[in-house]
Structures are given as structure tokens and as C-alpha cells.
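J.: This structure is in C-alpha cells; I'll ask about it shortly.
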Amino acid sequence: MLASEHLSMILQSSDNAKAKLTKKVDAVDILLRTIAVFEKNDPASVDEKEYMEILFNSLCAPLMHLPNRKKFLDAS
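Here it is as C-alpha cells:
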């Protein structure tokens, strides 16, 4: 969970990080697949709920960068 917190903080505070998120790897898709686990199963603990919230924050921040938003919409 600590790594996801760091990722979320970096993405929320750095436009450069938002822009680089999809350069080599489609990290938006990776975040979506990670969050998808909670689509069928509610978080089983407070820690899982916090982890899910952090993942959503990590997904929302890079969507402020227009090319990332386009990739997100294309993947939907």
C-alpha cells in the first residue's frame, strides 16, 4: 500500500509524472485492471478500502493530462 500512496502523491503533484505515465507502459490500463478487482468484491478490510481509494486517486490525477484522458476513453 505504501507504493500506491507514493504513486498517488507523485501523480497529484507532478505534471511531468502525469505526462510520462503512458509513455512506455499503459499505466492507466494497469490501474484500471488493479481497481477492477473491487468491482466484483467489496474491500474486505479498512486497509483494502484505503488501498482502493488510493488507486482511484492515482487514476484520476493522470486523467487531467489530455493524452492520458484520450487513452482512457479509447480503452473504455
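Going by UniProt numbering, the sequence shown opens with residue 1, and the numbers climb by one from there. No residue lacks a Cβ here, since even glycine has one placed at the ideal position from N, Cα and C. All values derive from a computational prediction rather than experimental measurement.
1. Just to confirm my understanding: we take Lys49, look at its own chain, exclude 5 residues before and 5 after, and list those with CB closer than 6 Å. What are they?
2. In terms of residue numbering, what span does the alpha helix (DSSP H) encompassing Met52 cover?
3. At the level of alpha carbons, what is the spacing between Asn41 and Asp74?
4. Of the choices Ile30, Ala61, Lys71, whose alpha-carbon is the least far from that of Val14?
T.: According to the structure data:
1. Same-chain partners within the cutoff: Pro43.
2. Looking at the DSSP string, the run of the alpha helix (DSSP H) that includes Met52 is 46 to 60.
3. Straight-line spacing of the CA atoms in Asn41 and Asp74 works out to 26 Å.
4. Note that residue 14 is Ser in the sequence shown, not Val. It is Ala61 whose Cα lies nearest to the Cα of Ser14.
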